[in-house]
Amino acid sequence: MTSRERVRAALNHQEPDKVPVDCGGMRSTGLLGVTYNKLKKYLQKKGGETKIYDMVQQLTLVEDWYLDKFQIDVIDLARGFAGKPDEWNDWKLPDGSPVKVPAWLKIEQDGDSWFCVDDEGDRLAEMPKGSYFFDQKIWPLYGQDPDNFEDLPDHLKKIMWVHMTDPLWHHVDDKDFYDQVGRKAKELYENTDYSIMVGFGGQFFELGSFIFRMDDFMTNLVLKRPMIEKLLDRLLEMHIEKLEPFLKAVSPYADTIVMGDDLGTQTSPMISPKLYRDLILPRSRQLYRYVRENSDVKVFLHSCGAISEFLPDLIEAGVQVINPVQTSAGGMEPEKLKREFGKDLVFWGGGIDTQRILPEASPDEVRKEVRKNCEIFMKGGGFIFCQIHNTLDTVPPENIIAMYEAVNEIAY
115 MTSRERVRAA
125 LNHQEPDKVP
135 VDCGGMRSTG
145 LLGVTYNKLK
155 KYLQKKGGET
165 KIYDMVQQLT
175 LVEDWYLDKF
185 QIDVIDLARG
195 FAGKPDEWND
205 WKLPDGSPVK
215 VPAWLKIEQD
225 GDSWFCVDDE
235 GDRLAEMPKG
245 SYFFDQKIWP
255 LYGQDPDNFE
265 DLPDHLKKIM
275 WVHMTDPLWH
285 HVDDKDFYDQ
295 VGRKAKELYE
305 NTDYSIMVGF
315 GGQFFELGSF
325 IFRMDDFMTN
335 LVLKRPMIEK
345 LLDRLLEMHI
355 EKLEPFLKAV
365 SPYADTIVMG
375 DDLGTQTSPM
385 ISPKLYRDLI
395 LPRSRQLYRY
405 VRENSDVKVF
415 LHSCGAISEF
425 LPDLIEAGVQ
435 VINPVQTSAG
445 GMEPEKLKRE
455 FGKDLVFWGG
465 GIDTQRILPE
475 ASPDEVRKEV
485 RKNCEIFMKG
495 GGFIFCQIHN
505 TLDTVPPENI
515 IAMYEAVNEI
525 AY
């Protein structure tokens, strides 16, 4: 099977020849630039470029050698927009190793911190000394009670996650943006046999917290519900407006479209199921069903934490693929997830815990954990392997290699 055939079989709940593998197909399945450079040094890989295509999380765009060596089956459409040399600047990571970073972002150092600064001079994000990530610094509507959200697009531009975007969405204001998207998707489809993922976003809960700040947003959900409903309706309007031409451009070529909305903590949902069903779910349903009704592209939702209570709702709303499958969170045991939801959901993740096992265990223990989780999730198809969220700087190269060796030895 080709990579694309392998992934498509799994997405259709069929058993492929081997377990499909992802790394960096979207912005929660990759690895940090620091981690990547350590791995290259360990493997004595010379040359090439480490491109940080997600500046917030410091994620690298893995090179072709990585895709080949570790038998990766999936790529991000954003990869097709990352080839212009003049769109990248030289930079150094916190450990001093060299990388390329997006030239369209203004990154300045002040004292021991790095800041991302927009065209108006506002510091939207900070990476303090000792950190490997940028933190949000501005919440555009914190403490405010707007009557309407007609100017929401302007407020969104002040959010770190929106401004510090990937190479694809960096071009969203280009007049021929959707034509570019279609051309790049077609090129990757015709010139590679990878399964193509496309990042869209479509957040409701997350964007609310980014706009108001989490504490303010959570209070507003209960005390200022009419205002929040206006916000959510405006977000839905904006999402659909972009989704319609975007989906048309990618649907002949992409297998999955990535939505995101983190709904869980380590132990429980962030909000009550009732509040979620009253406010968030109706809007998400409209978005996800638009994809289902207008394409064959699978609806992929990234949602961290303990979200098992929400899975029946998400399935009903149109979600077909769930990630990162955080098996270390409350109620997210692999056996339970596969037994209760395996007929309706594809599990994209859950391959190995990245909080404790991947950074702390021995290579043999890593292999054992990978085999155990794969045996549970792979039965009957419906499983694409990746680690649970991004591989951080604390993971030794030996464990990364052991992880891929273990999964790539498994055949159906």
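Using our numbering, you'd call the opening residue of the sequence shown number 115 and step up by one each time.
Cβ coordinates follow ideal geometry from the N, Cα and C atoms, glycine included.
No experiment lies behind these values; they were computed from the predicted model shown.
In the DSSP assignment, Ser-309 forms a beta bridge with Val-188. When the beta-carbon positions are compared, Asp-376 and Ser-417 come within less than 7 Å of each other. Secondary structure note for Cys-230: its beta strand (DSSP E) is the uninterrupted segment 227-231.
Around the beta-carbon of Met-328, fewer than 16 other beta-carbon atoms lie within 10 Å, marking it exposed. In its chain, beyond the 5 residues on either side, Leu-153 and Thr-505 have a beta carbon closer than 7 Å to the beta carbon of Ile-514. For a cut-off of 8 Å, the C-beta gap from Pro-511 to Tyr-180 is around 12 Å, too long to register as a contact. With a cut-off of 8 Å on Cβ pairs, the region 359-376 is in contact with the region 288-303, counting three or more such pairs.
The Cβ-Cβ distance between Ile-342 and Leu-349 does not fall below 7 Å. According to DSSP, residue pairing for Pro-216 in a beta bridge involves Trp-202. Between the region 319-333 and the region 268-286 there are three or more C-beta pairs closer than 8 Å, enough to call the two in contact. Three or more beta-carbon pairs drawn from the region 430-439 and the region 397-416 are found closer than 8 Å, and the two stretches are therefore classed as touching.
Around the C-beta of Gly-374, 16 or more other C-beta atoms lie within 10 Å, and the residue is accordingly described as buried.
In this structure, the beta-carbon distance from Gly-144 to Leu-173 falls below 7 Å. Within the same chain, and ignoring the five residues on either side of Ile-502 in sequence, the residues whose Cβ sits closer than 8 Å to its Cβ are Pro-438, Val-439, Gln-440, Thr-441, Ser-442, Gly-463, Gly-464, Gly-465, Ile-466, Asp-467, Thr-468 and Gln-469. Buried is the label assigned to Leu-401, since at least 16 other Cβ atoms lie within 10 Å of its Cβ. Pairwise C-beta distances place the region 212-231 in contact with the region 158-172, as three or more of them are shorter than 8 Å. Listed in chain order, the alpha helix (DSSP H) elements of length 4 or more contained wholly in the region 346-407 amount to none. Residue burial is scored here from C-beta neighbours: Lys-412 has at least 16 other C-beta atoms within 10 angstroms and is therefore classed as buried. For Lys-243, no alpha helix (DSSP H) segment is defined, and its DSSP state is neither H nor E. In the three-state scheme derived from DSSP, where H, G and I count as helix and E and B as strand, Thr-333 is classed as helix. Three or more beta-carbon pairs separated by less than 8 Å are not found between the region 383-390 and the region 302-312, which leaves the two stretches without contact. Here the alpha carbon of Glu-454 sits roughly 37 Å from the alpha carbon of Gln-250. With a beta-carbon spacing of about 11 Å, Lys-243 and Asp-224 fall beyond the 8 Å limit used to define contacts. Scanning the region 451-477 from its first residue to its last, the whole alpha helix (DSSP H) runs of 4-plus residues come out as 471-474.
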